[in-house]
Amino acid sequence: MDMPRIPVQNLYYLLCYAWNHLKPGEIVDVSNVPSTELVDLFAVVLCQGVEHLARRGLEQGYIGREDDLAGVRGRIDVLRSGRRFLLAHGRAACSFDELSPDTLPNRILKSTLKLLTQVPDLHGDLKKHVKVLCQSLPDIGEMRLTSQAFRQVQLHSNNRFYRFLMSVCKVIQESALIDPASGTYQFRDFIRDERAMARVFEDFLFNFIRLETPDWDVTREHIAWKAVSVTDPDLIFLPRMRTDISLKRGSERKIIDAKYYQRTMTEYWGAEKVHSENLYQLMSYLTNSMGREGEKLSGMLIYPQVDKAINEVYQIQGFDVAVCTVNLGQPWQGVRSDLTRLLC
Numbered sequence: 073m074d075m076p077r078i079p080v081q082n083l084y085y086l087l088c089y090a091w092n093h094l095k096p097g098e099i100v101d102v103s104n105v106p107s108t109e110l111v112d113l114f115a116v117v118l119c120q121g122v123e124h125l126a127r128r129g130l131e132q133g134y135i136g137r138e139d140d141l142a143g144v145r146g147r148i149d150v151l152r153s154g155r156r157f158l159l160a161h162g163r164a165a166c167s168f169d170e171l172s173p174d175t176l177p178n179r180i181l182k183s184t185l186k187l188l189t190q191v192p193d194l195h196g197d198l199k200k201h202v203k204v205l206c207q208s209l210p211d212i213g214e215m216r217l218t219s220q221a222f223r224q225v226q227l228h229s230n231n232r233f234y235r236f237l238m239s240v241c242k243v244i245q246e247s248a249l250i251d252p253a254s255g256t257y258q259f260r261d262f263i264r265d266e267r268a269m270a271r272v273f274e275d276f277l278f279n280f281i282r283l284e285t286p287d288w289d290v291t292r293e294h295i296a297w298k299a300v301s302v303t304d305p306d307l308i309f310l311p312r313m314r315t316d317i318s319l320k321r322g323s324e325r326k327i328i329d330a331k332y333y334q335r336t337m338t339e340y341w342g343a344e345k346v347h348s349e350n351l352y353q354l355m356s357y358l359t360n361s362m363g364r365e366g367e368k369l370s371g372m373l374i375y376p377q378v379d380k381a382i383n384e385v386y387q388i389q390g391f392d393v394a395v396c397t398v399n400l401g402q403p404w405q406g407v408r409s410d411l412t413r414l415l416c
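Using the numbering used here, the first residue of the sequence shown is number 73, and each one after it goes up by one.
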C-alpha cells in the first residue's frame, strides 16, 4: 500500500519547520488553497509572501548603472564622454550605483511568479492573481532560474522571510519540468520523490523537536568507530557515521533515525519486517556511542505512517529501541501531539 497523500496544509507546516521558518501561520494563510495540487499551494504561499514583502518594502540594493547626464553623478567615463562629444554639450557619461529593488532575490521572486503562469495545472483564479502580481513589479527584471542563481543569493540574517521564500522558489524551479511538445511546464509531485522528501522529513523532525520540546538538547553528531586497525590506523576507509538527530536530557541520550519511504515495512517471505538496513545502521550508532557510566542511551526509528500505526519497543543488545510512525495525513494538531507524546 502506498503512502496516503499529505494534505497541503500539513505539507506547508512540514516545509516551514524543515526550512526553519519559525512562525508558519503568521504571514501566510494556506487554509483556503483552492485545490489539493502542490502547484496551487506554492502559488498561494509565494503570492501572499510577495504581497507581504511589498507592503513592508521590498529589499533594495545598489545596482551599477551607466547613463548620460547633464550633471555629474558617480564616476565620469572620460573615454565615452569624449568619444561622443558629450562634454561640449554640458553632459557627461557617468557610471554610478543606484538604490533599486532590482536585486537578485527580487528577480528570482518575479521570475518564479512568471514561471507559475506557464503551468497549465495552476488554478485559474490563482493564475490571474499571479499575473496581476507580476505586473505590479515593473521595476524588477526577470531572469532564467538556475541552481547557480540560487547559490549566488546573499541575504542578511534578519531577512529570514526572504530566505523562506527563496526555498519556496527553489522547490518550484526544481519541480517545474518543461514539456518540449507544448512549451509549458508540468509540475512534478515531489512528495513522491523519496530522496527529496527524506531530507524534508529529517529536517522537519530536527527543527520540530528543537522548537517544541525545549527540554531536549538537539544536535547532529559524528560518531567515531570503536575500532583499531594495523593496516588502516586512521580508519579512513570506514564510512563516517553521522546521526540524523541526537537528543540529550540530563543522563538520557537518544539517537533518532528519520526514514521516509512510500512503504513503512518491507516484506520477507510474505511477512512484514522493519527495513533491516535501517535497524543495522541505528544499532551501529548505538554500539559505537556508549558513553559515560550512568548514561541511558536509546534509539528510535521514525517513519511516516502508510496504512497502520506502528509503535513497537524492543531491547536489543541492552538498548531500548523504538520503531514508530507518525500519521502526516491527520489534522496538524494531531501530528503535533503525536510527535510530542513520542518524545516525552
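A virtual CB, placed ideally from N, CA and C, is assigned to each residue, including glycine.
Since the structure is predicted, the reported quantities are computational estimates derived from the model, not experimental observations.
Extent of the continuous alpha helix (DSSP H) to which residue i belongs
i: T184; result: 176-188
i: N350; result: 348-359
i: N231; result: Here N231 belongs to no alpha helix (DSSP H), and DSSP marks it neither H nor E.
i: F273; result: 266-284
i: Y257; result: That residue, Y257, is in no alpha helix (DSSP H); its beta strand (DSSP E) goes 257-259.
i: L217; result: First-last for L217: undefined, no H or E at that position.
i: L159; result: Here L159 belongs to no alpha helix (DSSP H), and DSSP marks it neither H nor E.
i: A248; result: Counting along the chain, A248 falls outside any alpha helix (DSSP H), though it belongs to the beta strand (DSSP E) covering 248-250.
Alpha carbon of residue i to alpha carbon of residue j, nearest angstrom
i: Y386; j: E123; result: 51 Å
i: P311; j: G371; result: 20 Å
i: D211; j: D174; result: 6 Å
i: D169; j: R137; result: 6 Å
i: R145; j: L159; result: 14 Å
i: T218; j: N92; result: 23 Å
i: A248; j: S239; result: 14 Å
i: R223; j: L176; result: 11 Å
i: A381; j: G255; result: 44 Å
i: I308; j: H294; result: 14 Å
i: N231; j: G133; result: 13 Å
i: A394; j: L415; result: 11 Å
i: L151; j: F157; result: 10 Å
i: R77; j: D251; result: 25 Å
i: E349; j: M269; result: 19 Å
Residue i versus the options, residue with shortest Cα-Cα distance
i: D149; options: F157, G133, L414, S167; result: S167
i: Q226; options: N178, H93, A253; result: N178
i: T189; options: A142, I308, V202, V378; result: V202
i: R235; options: R264, A90, M269; result: A90
i: T397; options: G406, D379, I374, W404; result: I374
i: L171; options: I135, D289, S153; result: I135
i: G366; options: R321, S103, V290, S247; result: R321
i: Y84; options: D410, A394, E284, P403; result: P403
i: T412; options: Q132, R260, L283, V300; result: L283
Bridge partners - residue i, DSSP secondary structure assignment
i: A343; result: Y340
i: I327; result: S318, G371
i: H68; result: No answer is possible for residue 68: it lies beyond the span of the chain, which begins at 73 and ends at 416.
i: N383; result: C396
i: E365; result: None, per the DSSP bridge assignment.
i: T291; result: S318
i: I308; result: I308 is not bridged to any residue.
i: Y134; result: L171
Span of the beta strand (DSSP E) around residue i
i: L198; result: Element bounds for L198: not the beta strand (DSSP E) but the alpha helix (DSSP H), 196-207.
i: C166; result: 164-172
>> Tell me whether the segment 276-288 and the segment 316-333 touch, counting them as touching only if at least three CB pairs, one residue from each stretch, are closer than 8 Å.
In response: Yes, the segment 276-288 is in contact with the segment 316-333.
> How about the segment 110-122 and the segment 182-202: do they share at least three Cβ pairs that are nearer than 8 Å?
Replying inline: In the pairwise beta carbon analysis, the segment 110-122 is classified as touching the segment 182-202: at least three pairs are separated by under 8 Å.
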